[in-house]
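Novice:
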Amino acid sequence: MVSQHILSILQQVQDGAMDIHAAYEHLKISPFEDLGYAKIDHHRAIRQGTPEIVYGAGKTKEQIEGIVASLLSHSPFNILITRLSQESALYLEKRFSLTYDELSQVGIVNRKADLTASGTILVATGGTSDIPVAEEAALTAEVLGNKVERLYDVGVAGLHRLLSHVDKISGARAIVAVAGMEGALASVIGGLADCPVIAVPTSVGYGANFGGLSALLSMLNSCASGVCVVNIDNGFGAGYLASMINHIGGNQS
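Under the numbering used here, residues 77 to 329 are what the sequence shown spells out, in order.
#1: What do you get for ALA133, buried or exposed, if any count of 16 or more other CB atoms within 10 angstroms of its CB means buried?
#2: From what residue to what residue does the alpha helix (DSSP H) around TYR282 run?
#3: In the stretch 169-227, which residue ranges form an unbroken alpha helix (DSSP H) of at least 4 residues, counting only runs that do not cross its ends?
#4: Can you pull the DSSP bridge partners for ILE251?
#5: Note the first and the last residue of the continuous beta strand (DSSP E) segment covering VAL303.
#6: Based on DSSP bridge pairs, tell me the residues matched to LEU156.
#7: Take the Cβ of CYS299 as the centre, count every other Cβ of all protein chains shown within 10 Å, and call the residue buried at 16 or more, exposed below.
#8: Is it true that the CB of PRO208 sits closer than 8 Å to the CB of LEU166?
#9: Looking only at its own chain, which residues have a Cβ that is under 6 Å from the Cβ of ILE157, when we skip the five neighbours before and after it?
#10: From PRO272 to GLN90, what does the alpha carbon distance come to, in whole angstroms?
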């Protein structure tokens, strides 16, 4: 059992057989819980500062239930489930206190507001069609303890819409720029911001968009400094990275 392993380490520290630094290293690689179909890493929060997050796609509703129940035994709040189908959400709602956003397919079990960083993350989209991916990023960042502002439908086809919010851009500690089509939004924001910009290409666009590949390549070729790129439609990855940036030197006192 994980608890017995931890008690053994703590006992060794108390007896002087192990120093605190060695104990910490042992706790970082402490045993996981094996459910057969999943191995739950209960010590991810020690290593990375954030508990394990559930990727719902490809899992049965019963498997997700088992994983969530295991996670709740160690982390009672803010269990994040991404790419959660409506069918699975309806099933989980009968068993847990689940907050479900159908648009982004994000589920949060035992949601609790807990602001742990002082900066603001800005999530912007080129168009309304990009909002599902943007909301995945925004909700991820919020669950991880960040203040999030949303700035939607400010694409370069009407540049004045974006320029009217330069104050929000300049006040952010990290920005997530979500766009399909040609993906130019990230470069424009990158040329205005003094913080890291995380570009998220979406699969929104016509045939030559190639399911988001054209936006991905445009973002990778951005001429603006300070722009990094995650995979197509990966709102979660962008929200997670933005949270890490916001927490560097920005923890609440």
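The beta-carbon is built from N, C-alpha and C at its ideal position, and this holds for glycine as well.
Specialist: Reading it off the structure:
#1: exposed
#2: Note, TYR282: premise wrong, no alpha helix (DSSP H); not H, not E.
#3: 207-219
#4: LEU198, VAL273
#5: 303-305
#6: ILE184
#7: exposed
#8: no
#9: VAL130, GLY132, GLY183
#10: 44 Å
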